[in-house]
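Colleague:
There are 2 protein chains.
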Amino acid sequence: MDFSSFVTSLGTSLIIFVVLMLVFTWLNRKPGNAVIYYPNRILRGLDPLEGRTMTRNPLTWIKEAVKASEADVIAVAGVDAAVYLVFLSSGMASTPVVLKVFTVRLKVASFWLIWRVSLIDTFVDAVLAILVFSGIILLPVLLPVAATDNGTQSTIDSNSQGTFKNLDKLTMGHVQEGSLRLWAFLLGVYWVSFVTYYVLWKSYTHVSDLRAGAKTSAVVKPEEFAVLVRDIPAAPPGQSMKDHVDSYFRALHPETFYKSMVVTDNKKANKIWEEKEGYGKKLARAEVVYAESKTTGKPEGTRPTNRTGFLGLVGPKVDTIDHCNEKIQELLPQLEAEQKITLKEKQQGAALVFFSSKPAAVSASQTIHAQKIDTWTMMEAPEPQQVLWTNLSKKFYEREIRSLTVYGIVFLTVCFYMIPIAFVSAFTTMENLKKYLPFLKKIVDQPEIKTVLEAYLPQIALLVFMALLPTFLMFLSKEEGIPSESHAVRAASGKYFYFIVFNVFLGVTIGGTLYGSLKEIIKKPSQIITLLGSSLPKSATFFLTYVALKFFVGYGLELSRLVPLIIFHLKKKFLCKTEAEVKEAWAPSDFGYATRFPNDMLIVTIVLCYSVIAPIIIPFGVVYFGLGWLVARNQALKVYVPRYESSGRMWPHMHARIVAALIVYQITMLGYIGILRKFYYAPFLIPVIAISFIFAYVCKQRFYLAFFHTPLEVACQGTKEIPNMESIYAAYIPPCLSTEKLQDADQFEDAHSHSLRTTSL
Amino acid sequence: MDFSSFVTSLGTSLIIFVVLMLVFTWLNRKPGNAVIYYPNRILRGLDPLEGRTMTRNPLTWIKEAVKASEADVIAVAGVDAAVYLVFLSSGMASTPVVLKVFTVRLKVASFWLIWRVSLIDTFVDAVLAILVFSGIILLPVLLPVAATDNGTQSTIDSNSQGTFKNLDKLTMGHVQEGSLRLWAFLLGVYWVSFVTYYVLWKSYTHVSDLRAGAKTSAVVKPEEFAVLVRDIPAAPPGQSMKDHVDSYFRALHPETFYKSMVVTDNKKANKIWEEKEGYGKKLARAEVVYAESKTTGKPEGTRPTNRTGFLGLVGPKVDTIDHCNEKIQELLPQLEAEQKITLKEKQQGAALVFFSSKPAAVSASQTIHAQKIDTWTMMEAPEPQQVLWTNLSKKFYEREIRSLTVYGIVFLTVCFYMIPIAFVSAFTTMENLKKYLPFLKKIVDQPEIKTVLEAYLPQIALLVFMALLPTFLMFLSKEEGIPSESHAVRAASGKYFYFIVFNVFLGVTIGGTLYGSLKEIIKKPSQIITLLGSSLPKSATFFLTYVALKFFVGYGLELSRLVPLIIFHLKKKFLCKTEAEVKEAWAPSDFGYATRFPNDMLIVTIVLCYSVIAPIIIPFGVVYFGLGWLVARNQALKVYVPRYESSGRMWPHMHARIVAALIVYQITMLGYIGILRKFYYAPFLIPVIAISFIFAYVCKQRFYLAFFHTPLEVACQGTKEIPNMESIYAAYIPPCLSTEKLQDADQFEDAHSHSLRTTSL
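Chains A and Y supply the protein sequences, listed in that same order.
Note that the working numbering numbers the first sequence so that position 315 is 324, with each residue one more than the last.
Note that the working numbering numbers the second sequence so that position 748 is 757, with each residue one more than the last.
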């Protein structure tokens with residue numbers, strides 16, 4: 010790709026972004042759209058436009074995003090969102106410093122340009138003069154580099170000349186092979202690495218404190234008093250699972266055990282409940298239609314009717330309101346009967362056990378209970394709203410086997426997806442397009458279209474591919490037997506990360522030669538270094554455009570929320586009748602960490618890997634994360650509603666993946682500098698790789714377990730008052746098993762216990 | 010090695026064993042030797058010869074060893090000894106079944122011999138007759154093998170003929186390449202593997218129960234109420250470490266915290282205490298000498314004297330009794346002063362924390378306390394007598410670095426030791442001996458000497474090498490920063506196992522070509538399979554002799570206890586004066602698991618690896634473990650005194666290493682059958698290797714953690730009565746810090762606390 014198509018790409022991206030920003034500013038102010046742009050505020054009962062002047066300034070949102078403190082973000086969007094912002098800003102924090110390195114390097118380059126001229130001219134006085142002049146200006150910048158640059162004076166750089174029209178001139182590929190100047194690049198790798206270590210360490214400490222803060226907050230959270238117990242062995246004959254669990258925990262925790270709730274197989278009860286809920290919605294809708302018909306048509310109104318058969322198209326015609334009422338009356342006793350059966354007879358080998366104090370629950374969740382470790386496995390209970398009920402009763406080895414199977418499928422998916430991407434990569438060069446689709450030749454040869462196609466085609470193809478995957482990966486993760494939603498999101502995000510790094514980053518970089526290369530790599534794994542090193546520089550401009558497209562178009566779309574806006578207005582106009590339906594139409598989603606985070610990680614990987622090879626990518630990275638940080642803050646404060654709170658449990662995964670990207674980068678640079686640029690001192694990069702591993706190890710030792718378990722220190726802080734245990738218990742009752750008359754809790758005598766001990770705190 | 014030298018080797022071994030047995034029977038009955046042969050019984054206050062008729066039957070001890078129940082062994086020698094016996098008998102249990110396979114295989118061979126004759130003769134009627142006859146006799150035995158043997162009728166075995174003079178005729182190397190008969194051997198591998206799985210699973214369950222039984226016993230053990238806390242961060246200014254620890258645990262465990270004991274730097278106090286004890290012993294000895302001189306010489310006696318200088322050789326002459334009394338009087342106040350200073354000013358960053366109930370201690374030891382995981386690390390306290398005090402205060406990362414360094418040194422040791430062993434291996438062939446030491450030619454050429462030399466030289470060289478190592482490895486293990494003696498023994502035993510497998514097993518097998526081969530292996534790791542496969546059969550007879558030597562001479566020496574007996578009698582005659590000194594002279598040691606177990610594992614590895622290649626090794630293995638079991642029971646019941654009790658904590662290590670040996674065996678067989686015997690179906694062995702890994706994984710998941718932590722279930726069983734906490738606490742006071750007036754515990758106010766809460770069980 011030449012420079013003009015790169016500029017075209019950047020330009021069009023920028024134009025799209027500006028247009029989207031203007032659209033946002035315009036739509037944003039219309040009161041009818043407030044539910045789209047401020048749903049979070051509305052749900053919290055705030056005036057969406059409170060304290061805002063109706064300014065036309067398209068940058069007001071930026072001011073607001075910057076103004077908000079971290080505490081505000083946590084209050085509104087939870088610790089998870091705050092941790093995500095830490096991730097974005099840690100990306101930012103490291104890139105500016107990298108940027109500084111880049112400017113230093115540019116100055117070094119100009120110094121060497123002058124130096125070379127002086128050598129060609131061989132005028133000693135000129136050399137002296139130049140040295141004195143450049144010395145006065147550049148010494149403070151160069152001292153760190155100069156210290157390692159002894160004896161390089163005879164090296165002649167023949168590459169620094171020429172115009173900068175071709176982007177490749179700005180890359181490291183332009184430095185002569187074996188030149189001692191490569192020291193500067195090598196030290197650049199060190200510099201980037203140490204900056205990364207520093208920033209990551211600070212971030213981990215910060216997130217760790219955030220998490221501890223969230224865990225010690227005065228708000229009573231049900232999950233802090235509950236422990237999830239799985240792999241419960243079969244109850245002794247003549248004893249129900251419930252009694253079995255109760256007697257076991259009462260014996261082991263006589264002082265602190267409160268109650269247990271045995272997990273039941275709710276499939277059938279749930280089905281009846283959903284049917285009942287469906288008729289409830291239908292009824293509400295029919296009533297609104299009936300009421301409307303009274304005002305618009307005849308004063309007595311038209312009672313809505315429907316057919317009872319398939320999709321309401323066949324079968325006898327009935328009055329909707331009467332029909333729904335009948336059905337609900339019919340289903341209610343059914344549901345109650347099924348609830349009783351479920352609670353009594355469908356008890357499974359898993360339970361939630363409630364303790365009368367936080368430290369007791371924390372301690373119990375970390376203590377091995379049974380002598381056979383694969384029975385009575387304990388873990389901290391997930392939040393009620395994110396429990397994946399059907400997974401709880403899956404057995405230990407079943408989970409292991411499922412996990413293995415899922416990873417097998419993911420492995421195959423990763424390999425299988427490589428084919429279309431490699432194909433797109435090879436296909437979307439102009440020459441191939443003309444060759445294989447000759448009828449396009451006329452269109453393609455027009456210069457404007459050609460430039461646009463060249464700039465965007467591969468990137469768009471890539472983006473489309475990526476959109477199909479997340480749902481599938483989320484499904485797979487849930488199939489593993491993971492007990493909570495947030496854990497499943499983490500698992501899906503991990504898989505997506507592997508996918509994206511292998512397919513997008515490696516796939517595009519190594520490109521068409523991937524399959525041929527794979528064989529080589531399997532034969533000789535060290536080959537991968539050479540291969541990556543040699544392929545990276547070629548793909549630099551592709552990734553530059555990719556990053557630009559991502560942030561301009563991606564963030565533009567996210568900020569303007571055009572898609573949800575259009576869908577909402579369409580739904581409101583044609584589908585929604587009741588208030589509840591309208592609310593459902595604009596109900597905001599959550600952040601969607603499962604895809605958002607791996608995509609960001611891809612950019613981190615790309616920017617890191619190119620930071621020294623083609624430093625021009627760094628400002629793009631800075632803009633990506635800076636803009637991302639602003640947009641994410643805006644959305645966190647105004648739009649998205651968190652579905653769950655895992656108190657920053659995601660961070661260790663982010664951390665590990667950034668370190669992994671760093672190590673990939675270091676190995677790539679080792680290959681690139683050593684093998685491709687034939688730099689004799691490249692092995693000096695090996696220590697920094699070792700340091701990365703040590704860094705990862707120390708971080709894991711120091712921080713990780715506190716994300717996995719709650720430390721006792723943390724659990725003992727916060728309020729000491731005894732909470733309302735019954736409400737904590739009720740929070741975990743699934744909707745299909747709850748009755749309107751909740752105070753009459755006798756119903757739960759079967760699978761849910763009554764241990765009316767007073768707590769002995 | 011030909012057959013005659015093998016028989017010579019066996020014969021001499023057997024003669025030595027019989028002689029040692031007779032010596033044992035003879036010495037055993039002399040009352041003066043009871044302290045050597047029954048020290049364990051004497052220490053328990055039993056009559057050593059109680060219930061024994063003074064029979065001359067040299068096999069009485071066997072009857073007694075067999076008669077004792079496992080409960081007896083546990084009562085006398087602890088769970089660790091019982092677990093070791095389980096290990097020995099699991100080795101035995103698997104070998105007899107293997108033996109059965111071997112006999113089946115011999116019968117198969119004879120069947121094929123007949124079959125071949127019938128083919129050569131090509132008389133159809135003869136074939137029929139032979140088939141009918143052999144069928145009637147052999148069918149019940151052959152059916153399982155025959156089912157897999159279809160289509161092998163044309164194979165001609167030309168190897169089964171000839172005399173069995175040469176041992177190699179009995180090995181699998183004698184089967185034709187690619188013969189379908191190799192199926193029998195292949196299935197033999199499967200059979201051995203499944204027998205191993207079955208036996209190991211049973212054993213693990215059994216040991217797990219033994220451990221739980223030991224943990225729930227009614228005897229109050231101090232370590233069950235204590236938790237070891239390490240990596241305590243610096244105390245806040247103005248607070249002593251003791252107050253820091255107390256306030257931390259009182260806040261987190263308000264109900265169950267009893268007291269804490271901060272670890273102090275006892276180096277100086279210990280030195281003074283040891284000096285004092287030394288003078289005490291000297292004094293006792295001098296008094297006995299003085300008393301003796303009264304009876305033998307002049308009635309007023311001769312007061313013993315000594316010189317105060319170097320080794321009692323220089324310096325002024327003093328009266329020993331007066332001198333010692335003076336010194337002791339001098340040291341006592343010094344010791345008391347130093348104790349005070351130590352407790353007050355030498356507090357370190359580690360502590361023992363005592364809880365008022367077992368479950369509380371167990372729960373606390375498994376719960377993460379601090380948010381920074383590398384501080385306040387908790388673990389179950391070791392027994393008082395096996396605490397390695399100086400290691401307790403070593404910091405987290407210091408321990409990691411020490412561990413890494415030690416493993417580096419062990420790696421170097423393993424590599425360095427290879428050189429002499431490879432040298433011995435190459436040197437001790439007769440030809441080389443004659444070549445390099447021509448002056449020996451005359452002696453060596455005499456047939457008797459030649460046979461003996463050929464049979465024993467390499468084995469003796471090996472045994473001598475092995476004797477030098479354990480102390481060094483134990484020292485290294487303690488340097489790692491391990492907190493308890495039993496853990497250090499496990500660590501040393503692990504190192505010794507690596508050493509022994511690499512050096513003895515691989516070293517001897519691959520022998521002189523080892524260094525050349527290493528290069529090959531590094532280049533292409535799969536090479537190891539070929540190499541092992543091709544080298545194994547050659548070393549079969551070497552290992553046969555090695556095993557025989559081990560059990561005949563090794564067990565003979567152990568049972569007869571000749572070395573301790575001689576040392577004891579020498580000491581008693583020339584050195585010991587006081588009763589305490591005599592007791593010290595015969596004080597029995599413990600089992601010495603650190604070297605005993607890896608040596609047994611070497612035999613397991615050898616027997617497993619040769620079980621199919623040269624099945625004749627199996628009876629040797631059976632005798633080794635059978636005899637070992639008998640001797641170990643005898644020693645456990647009568648001789649050794651356990652120094653500590655880790656409740657079978659060693660088992661997971663034994664288990665893992667047996668599985669590792671099994672996997673080595675399976676891989677070796679894959680290489681041997683597949684590459685060397687060119688058997689087309691050898692890849693059918695790959696599934697069994699996978700099964701081994703799965704087996705190892707499942708065992709670890711199911712059992713391991715219960716050996717690492719105490720399950721709450723186990724801790725809650727047993728006595729519920731509140732023990733005397735003060736005596737539990739006192740058990741951990743190191744001797745150099747204890748005073749005669751223990752009831753006056755005010756002294757421990759500084760580093761050891763008083764929290765006189767009543768326990769709230």
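Note that the Cβ used here is the ideal one computed from N, Cα and C, for glycine as well.
(1) Using the Cβ count rule (16 or more neighbours within 10 Å means buried), how would you classify Y:V216?
(2) How would you call Y:K355, buried or exposed, if buried means at least 16 neighbouring beta carbons within 10 angstroms?
(3) Using DSSP with H/G/I as helix, E/B as strand and the rest coil, what is Y:R239?
(4) Going straight from the alpha carbon of Y:K76 to that of Y:E735, what length do you get?
(5) So is A:H662 in contact with chain Y if we call contact Cβ pairs under 7 Å?
(6) Please tell me whether Y:R50 has its Cβ less than 7 Å away from any Cβ of chain A.
(7) Taking Cβ-Cβ distances shorter than 7 Å, what residues in chain Y pair up with A:S217?
(8) To which residues of the same chain is A:V92 closer than 7 Å at the C-beta, ignoring the five residues directly before and after it?
(9) Give the residues of chain A in contact with Y:D383, contact being defined as C-beta atoms less than 7 Å apart.
(10) Report yes if the CB atom of Y:E232 is closer than 7 Å to the CB atom of Y:A390, and no otherwise.
(11) Give a yes or no on whether 7 Å exceeds the smallest Cβ distance from Y:T265 to chain A.
(12) Are the stretch 353-369 of chain Y and the stretch 695-702 of chain A touching by the rule of at least three beta carbon pairs closer than 8 Å?
(13) With H, G and I counted as helix, E and B as strand and the rest as coil, what does DSSP make of A:R53?
(14) Going by CA-CA distance only, name the one from Y:V44, Y:P342, Y:T225 and Y:H253 that's closest to Y:D240.
(15) Could you list the residues in the stretch 362-376 of chain Y with a C-beta less than 8 Å from some C-beta on chain A, going in chain order?
(16) Taking only beta-carbon atoms, is A:L770 less than 7 Å away from chain Y?
(17) Could you pull the start and end residues of the beta strand (DSSP E) that Y:T273 belongs to?
(18) In chain A, which residues lie less than 7 Å from Y:E722 when you measure between Cβ atoms?
(19) Could you work out which residues of chain A lie near Y:H253, taking near to mean beta carbons separated by less than 9 Å?
(20) Near A:M483, which residues of its chain fall below 7 Å by C-beta distance, leaving aside the five closest residues on each side in sequence?
(21) Measure the C-alpha to C-alpha separation of Y:F560 and Y:C745 and round it to an integer number of angstroms.
(22) Among the candidates Y:Y619, Y:K280, Y:T518 and Y:V238, whose CA atom is the shortest distance from the CA of Y:T384?
(23) Can you pull the chain Y neighbours of A:C725, defined as C-beta to C-beta under 7 Å?
(24) If you measure from the CB of A:I350, is any heavy atom of the ligand NAP nearer than 6 Å?
(25) To the nearest angstrom, how far is it from the Cα of A:V107 to the Cα of A:I51?
(26) Where does the unbroken beta strand (DSSP E) through A:L361 begin, and where does it stop?
(27) Could you tell me whether any Cβ in chain A is nearer than 7 Å to the Cβ of Y:A293?
(28) Taking only beta-carbon atoms, is Y:G20 less than 7 Å away from chain A?
(29) With 9 Å as the C-beta to C-beta threshold (strictly closer), list the residues of the stretch 390-424 of chain Y near chain A in chain order.
(30) Classify A:A223 as buried or exposed, calling it buried when 16 or more other Cβ atoms lie within 10 Å of its own Cβ.
(31) Taking contact to mean at least 3 C-beta pairs separated by less than 8 Å, is the stretch 642-655 of chain Y in contact with the stretch 386-403 of chain Y?
(32) Consider the Cβ of Y:L714: report whether some Cβ of chain A lies at a distance smaller than 7 Å.
(33) Any beta carbon from chain Y within less than 7 Å of A:H496's own beta carbon?
(34) Give, in chain order, every residue of the stretch 344-364 of chain A whose Cβ lies closer than 7 Å to some Cβ of chain Y.
(35) Measure how close the beta-carbons of Y:K487 and Y:L397 come, nearest whole angstrom, since I'm counting them as under 8 Å.
(36) A:A243 CB to nearest chain B CB: under 7 Å?
Modeller: Let me lay it out:
(1) So Y:V216 ends up on the buried side.
(2) Burial of Y:K355 is indicated by the presence of at least 16 other C-beta atoms within 10 angstroms of its C-beta.
(3) Note: Y:R239 maps to strand in three-state DSSP.
(4) Going from the Cα of Y:K76 to the Cα of Y:E735 covers about 41 Å.
(5) For A:H662, the answer is no, since every Cβ of chain Y falls outside 7 Å of its Cβ.
(6) Not a single C-beta of chain A is nearer than 7 Å to the C-beta of Y:R50.
(7) Per Cβ cutoff of 7 Å: Q380.
(8) V216, L219, G657, M659 and W660.
(9) Contact note: Y:D383 reaches chain A through Q710 and R711, using a C-beta cutoff of 7 Å and chain order.
(10) Contact: yes.
(11) It does not; no Cβ of chain A falls within 7 Å.
(12) At 8 Å Cβ cutoff, the stretches do not touch.
(13) Note: A:R53 maps to coil in three-state DSSP.
(14) The shortest C-alpha separation from Y:D240 is found at Y:H253.
(15) Answer in chain order: P368, V371, S372, A373, Q375 and T376.
(16) In this prediction, A:L770 scores a pLDDT of 33, lower than 50, which makes its location untrustworthy; no coordinate-derived value is stated.
(17) Its beta strand (DSSP E) spans residues F266 to T273.
(18) Residues of chain A passing the Cβ test: L261, H378, A379 and Q380.
(19) Chain A residues near Y:H253: none, gap ~14 Å exceeds 9 Å.
(20) Beyond the five residues adjoining it in sequence on each side, A:M483 comes within less than 7 Å, by CB distance, of A497, A501 and A603 in the same chain, given in chain order.
(21) If I take the Cα positions, the gap works out to 43 Å.
(22) Shortest Cα-Cα distance from Y:T384 to any of Y:Y619, Y:K280, Y:T518 and Y:V238 involves Y:V238.
(23) Here the neighbours are A260 and L261.
(24) For the ligand NAP, the structure offers nothing, since it holds no ligand at all.
(25) With a pLDDT of 44 at A:V107, under the threshold of 50, the predicted position of this residue should be treated as unreliable, though the coordinate-derived value follows. Each residue's Cα considered, the two are about 41 Å apart.
(26) Boundaries of the beta strand (DSSP E) around A:L361: Q356 to F364.
(27) Chain A, which has no Cβ nearer than 7 Å to the Cβ of Y:A293, makes this no.
(28) With a threshold of 7 Å between beta carbons, Y:G20 makes no contact with chain A.
(29) Of all residues in the stretch 390-424 of chain Y, F405, Y406 and E409 have a Cβ within less than 9 Å of some Cβ in chain A.
(30) Around the Cβ of A:A223, a 10 Å sphere holds 16 or more other Cβ atoms; the residue is buried.
(31) These segments touch.
(32) At a cut-off of 7 Å between C-beta atoms, Y:L714 counts as an interface residue with respect to chain A.
(33) No, its Cβ sits nowhere closer than 7 Å to a Cβ of chain Y.
(34) Close to chain Y, meaning a Cβ-Cβ distance shorter than 7 Å, is no residue of the stretch 344-364 of chain A at all.
(35) With a Cβ gap of about 6 Å, Y:K487 and Y:L397 count as contacting.
(36) Any reference to chain B falls outside this structure, whose protein chains are A and Y.
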